[in-house]
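The structure under discussion appears below in the form of structure tokens.
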Amino acid sequence: MLDRVDLRGVSDIAARLPRPEPVSEGSVAAVREITEAVRSEGDAALARYTKQFDGEVPSSWRVPPTEVAAARDRIETALRAALEAAAHSVAEFHRGQATSEQSHNRQGITIRSWDQPVSRAGCYVPGGRAAYPSTVLMTALPARAAGVDQVVLCVPPGPDGRVADVTLAAAAIARVDEVYAVGGAQAIAAMAYGTESIGAVDVIVGPGNVYVAIAKQLVAGAVGVPAAFAGPSEVVVVADATIPADYAAIDLIVQAEHGPDGLAWLITWDPDAADAVENAVVDLLSAAARRDDIAATFSRSGHIVLVDSPEAAAEVVNFIAPEHLQVMTEVPEAVIDRVRNAGAIFRGPLAPASIGDYVAGPSHVLPTNGTARFAGALGVRDFVKPMHEISVAPEGLAAAGPHVAAIADAEGLEAHAQSVRRRGIDENVQRGTENE
17 MLDRVDLRGV SDIAARLPRP EPVSEGSVAA VREITEAVRS EGDAALARYT
67 KQFDGEVPSS WRVPPTEVAA ARDRIETALR AALEAAAHSV AEFHRGQATS
117 EQSHNRQGIT IRSWDQPVSR AGCYVPGGRA AYPSTVLMTA LPARAAGVDQ
167 VVLCVPPGPD GRVADVTLAA AAIARVDEVY AVGGAQAIAA MAYGTESIGA
217 VDVIVGPGNV YVAIAKQLVA GAVGVPAAFA GPSEVVVVAD ATIPADYAAI
267 DLIVQAEHGP DGLAWLITWD PDAADAVENA VVDLLSAAAR RDDIAATFSR
317 SGHIVLVDSP EAAAEVVNFI APEHLQVMTE VPEAVIDRVR NAGAIFRGPL
367 APASIGDYVA GPSHVLPTNG TARFAGALGV RDFVKPMHEI SVAPEGLAAA
417 GPHVAAIADA EGLEAHAQSV RRRGIDENVQ RGTENE
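Heads up, the sequence shown is in the numbering used here, so the first residue is 17 and it goes up one at a time.
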């Protein structure tokens, strides 16, 4: 079920660790064909690919705002209350990320800086296999907290060409401005380049399968895209014998049930714990509703890694740079304090990743495929651009002007030097002042 990798006594851990297969050139070529077709053909290409991949073309790409609003009342009361509670947590957390205007003054030069929200943000939410209302909240609400003017949502339609009520209800709760029933790489291209029906956006965020992730990489530059590769789900669980084996087992299953191409690893320095968790996985899997999806993930990238110590466990974690890291050990700080690369860390036996997936507050859109080495969770910063203005007082020009001229002369840029000299900089006077 779970492949064993024994790293005890191994000095070169990286050389022995399995790694996910790189994105194939064929996949990139297929996605490039889709994005270029949408760029040149617009709605016609959307219809062609939606028919091919989803089976039914909606009568209108945009879901009417009245239908979005009505969906909030159609879902069960308990579910609506849960979504509203989750929305409150997510909104509150991300409002705390917003930064205020700053001012820096030095020798007569004043720099005012602020974060300027983009005008229009595109949020992608997966569909098809399941509905993900939580992802609506985790993408749209950070955009709202950032001050984005218009929030657009694209989600694949179901077999009947409609978007699930629970997804539309989440869109209403998050105050999404426009909802479109289109998914896959074609939706990413539509938001990046615009079509007759879908206006182009400034930033595209949200998770998806490998084709969606590739599409975001291909359109980057035409539109803003976070650095993280938000692809198939990943989890690394670090556990020892001090926690119930079924806790670790169910948490491996939680991420694996998203489907194939993900990653589910257990790291431990206790062979008995490894055996207990594996047995618990087998027992739980037999009754799992999505056992085929889970088994596919485990067979492709499910591993139990045996290491010598908590320090060695942290080394493995840093090499993998997982999306989700759960540390359930007697002394969790022995691992966590050494971790540099992880999308989100869950500490202790009472903090499963599902808490972060739904209600904790930080976005569950996290870096995958090793991109946690340089990227983190989706947040307000992904919807803003830093801006600044510079103003110069007479004493500032007097102090800085000679330095500007000297550097410009060294670079052979005469006009740069003249731009300060023509504003009254007398280098001889200034030089004499500096020598006093």
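Even for Gly, the Cβ is constructed at its ideal location relative to N, Cα and C.
If we ignore side chains and look at the alpha-carbon of each, how far apart do arginine 307 and leucine 234 end up?
Along the sequence shown, read from residue 1 onward, the residue named residue 307 stands at position 291. Along the sequence shown, read from residue 1 onward, the residue named residue 234 stands at position 218. In a straight line, the C-alpha of arginine 307 is about 33 Å away from that of leucine 234.
Residue span of the beta strand (DSSP E) that contains proline 133, given as start and end
Position 117 of the sequence shown, counting from 1, holds the residue named residue 133. Start and end: 125–133.
Counting only runs that start and end within the stretch 47–72, where is the alpha helix (DSSP H) found for 4 or more residues in a row?
59–70
Cutting at 6 Å between CB atoms, please list the residues of its own chain near histidine 120, excluding the five before and the five after it.
Residue mapping note: residue 120 aligns to position 104 of the sequence shown, counting from 1. Taken in chain order, the residues that qualify are Ile127.
In its own chain, which residues sit with a C-beta less than 6 Å from the C-beta of valine 436, not counting the 5 before and 5 after it?
Position 420 of the sequence shown, counted from the start, is the residue given in the question as residue 436. So the qualifying residues of the chain are Gly417, Val420, Ala421.
Give, in chain order, every unbroken run of the alpha helix (DSSP H) that is at least 4 residues long and sits entirely within the stretch 100–188.
Listed in chain order, they are 149–162.
So, using beta-carbon positions, are valine 254 and glycine 177 closer together than 8 Å?
Locating residue 254 in the sequence shown gives position 238, where the first residue counts as 1. Locating residue 177 in the sequence shown gives position 161, where the first residue counts as 1. Their beta carbons are not under 8 Å apart, which means valine 254 does not touch glycine 177 by this criterion.
Using only alpha-carbon positions, find the residue among Leu413, Trp285, Leu429 that is nearest to arginine 439.
Looking up residue 439 in the sequence shown gives position 423. Selection Leu413, Trp285, Leu429 evaluated against arginine 439 yields Leu413 as nearest (Cα-Cα).
By alpha-carbon positions, which one of Ala147, Leu153, Arg88, Asp70 ends up nearest to alanine 103?
In the sequence shown, the residue the question calls residue 103 occupies position 87. For the residues Ala147, Leu153, Arg88, Asp70, the minimum Cα distance to alanine 103 belongs to Leu153.
With distances taken Cα to Cα, identify the nearest neighbour of glycine 112 among Ile441, Glu349, Lys401, Pro378.
Residue mapping note: residue 112 aligns to position 96 of the sequence shown, counting from 1. Checking every option, the nearest Cα to that of glycine 112 belongs to Pro378.
Any contact of the stretch 243–257 with the stretch 216–226, i.e. 3+ C-beta pairs under 8 Å?
yes
Could you please give me the residues that DSSP links to valine 343 through a beta bridge?
Position 327 of the sequence shown, counting from 1, holds the residue named residue 343. Partner(s): Val254, Arg363.
Please determine whether the Cβ atom of alanine 424 lies at a distance below 7 Å from any heavy atom of the ligand GTP.
Absent from the structure shown: the ligand GTP. Ligands present: none.
Give the DSSP-derived three-state secondary structure of aspartate 19 in the structure shown.
For this step, residue 19 is matched to residue 3 along the sequence shown. Three-state DSSP puts aspartate 19 in a strand.
Using CA atoms only, rank isn't needed, just tell me which of Val179, Val198, Ala101, Val134 is closest to alanine 190.
Residue mapping note: residue 190 aligns to position 174 of the sequence shown, counting from 1. Selected option, being the one with the closest Cα: Ala101.
Bounding residues of the alpha helix (DSSP H) (the contiguous stretch that carries leucine 413)
Taking the sequence shown and counting its residues from 1, one reaches residue 413 at position 397. That run of the alpha helix (DSSP H) goes 410–427.
Spatial distance of arginine 48 from glutamate 41 (CA atoms)
Taking the first residue of the sequence shown as 1, we reach residue 48 at position 32. Taking the first residue of the sequence shown as 1, we reach residue 41 at position 25. Using only the alpha carbons, I get a separation of about 10 Å.
Assuming glutamine 166 and aspartate 131 are in contact, meaning their beta carbons sit under 8 Å apart, how far apart are those beta carbons, in whole angstroms?
Taking the sequence shown and counting its residues from 1, the one referred to as residue 166 is at position 150. Taking the sequence shown and counting its residues from 1, the one referred to as residue 131 is at position 115. Wrong, their Cβ atoms sit about 18 Å apart, outside the cutoff.
Tell me which same chain residues have a C-beta within less than 6 Å of the C-beta of aspartate 59, skipping the five on either side of it?
Position 43 of the sequence shown holds residue 59. Cβ neighbours of aspartate 59 beyond the five flanking positions: Thr211, Glu212, Ser213.
Count the other CB atoms, across all protein chains shown, that sit within 10 Å of the CB of threonine 449; report buried if there are 16 or more and exposed otherwise.
Position 433 of the sequence shown, counted from the first residue, corresponds to residue 449. Since pLDDT at threonine 449 reaches only 44, below the 50 mark, its modelled position is unreliable, and the value read off the structure follows with that caveat. With fewer than 16 Cβ atoms within 10 Å of its Cβ, threonine 449 is classed as exposed.
Can you tell me whether arginine 160 is buried or exposed? The criterion is at least 16 other CB atoms within 10 Å of its CB, across all chains shown.
The residue you call residue 160 lines up with position 144 of the sequence shown. Its Cβ being crowded by 16 or more others within 10 Å, arginine 160 is buried.
Since histidine 340 and alanine 369 are thought to touch, with beta carbons under 8 Å apart, how far apart are those beta carbons, to the nearest angstrom?
By one-based count along the sequence shown, residue 340 stands at place 324. By one-based count along the sequence shown, residue 369 stands at place 353. Contact flag correct, Cβ pair sits at about 4 Å.
Going straight from the alpha carbon of alanine 264 to that of glycine 71, what length do you get?
The residue labelled residue 264 in the question sits at position 248 within the sequence shown. The residue labelled residue 71 in the question sits at position 55 within the sequence shown. So the two alpha carbons sit approximately 38 Å from each other.
Segment limits, alpha helix (DSSP H) that includes glycine 200:
Along the sequence shown, one-based indexing puts residue 200 at 184. Glycine 200 -> alpha helix (DSSP H) spans 200–209.
Identity of the residues DSSP links to alanine 197 by a beta bridge
By 1-based counting over the sequence shown, the position of residue 197 is 181. According to DSSP, which records beta bridges pairwise, alanine 197 is partnered with Val171.
CA-CA distance, glycine 364 and aspartate 256?
Within the sequence shown, numbered from 1, the residue matching residue 364 stands at position 348. Within the sequence shown, numbered from 1, the residue matching residue 256 stands at position 240. Straight-line Cα distance between these residues: approximately 11 Å.
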